[in-house]
Amino acid sequence: MAEIGIDDFMQIDLRAGTIVHAEVFEAARKPAYILHVDFGDDIGIRKSSAQITDLYTPDTLIGRQVMAVLNFPDKQIGPIKSQCLVTGFHNEDGHVALAVPDSPVPNGTRLL
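Structural data, given as structure tokens:
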């Protein structure tokens with residue numbers, strides 16, 4: 001993998017937000033949820049499609065803080081526009097575990 005400098009890393013707008021609503025994405029080709037993530041007053045709520053159905057249910061996602069990339073262009077996924085990329089890691093079974101702050105932080109806090 002190519003090395004990058006700090007200036008390259010600083011171009012990624014990676015922020016904490018809280019999931020305020022989660023629903024099954026019925027129109028998705030692969031099992032997924034539609035997440036509504038609150039990034040605070042300055043940014044607001046953004047939607048994301050997330051293939052995290054193996055480890056989470058909609059009810060267990062509400063109130064959970066996540067980390068998401070905010071400066072990718074919107075991506076049309078079926079009938080919704082995904083407005084951010086919620087991040088995660090594949091575990092040993094290939095299921096996605098969310099990347100989350102270790103302790104609560106204000107919504108919209110940027111990863112530095």
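In full-length UniProt numbering, the protein residues as written are 1 to 112.
Yeah, the Cβ is synthetic: ideal placement off N, Cα and C, and Gly gets one too.
Can you tell me which of the three DSSP states residue i falls into?
i     : result
Ile45 : strand
Thr18 : strand
Asp8  : helix
Asp59 : helix
Gly78 : coil
Gly88 : strand
Would you mind giving the Cβ-Cβ distance between residue i and residue j, rounded to the nearest angstrom? I have them listed as a contact below 8 Å.
i      : j      : result
Gly108 : Ile12  : Going by Cβ atoms, the distance from Gly108 to Ile12 rounds to 15 Å, so no, they are not a contact pair.
Leu55  : Val96  : 7 Å
Val69  : Thr87  : 7 Å
Gly17  : Gln65  : 7 Å
Arg15  : Leu111 : 7 Å
Would you call the CB atoms of residue i and residue j closer than 8 Å?
i     : j      : result
Pro58 : Val37  : no
Met67 : Val100 : yes
Ala27 : Gly94  : no
On the criterion of 16 or more Cβ atoms from any shown chain inside 10 Å, does residue i qualify as buried, or is it exposed?
i           : result
Ser103      : exposed
residue 127 : Lying before the first or after the last residue shown, residue 127 is absent from the chain, which here runs from 1 to 112.
Which residues does DSSP list as the beta-bridge partners of residue i?
i     : result
Arg64 : For Arg64, which the question treats as bridged, DSSP gives no partner whatsoever.
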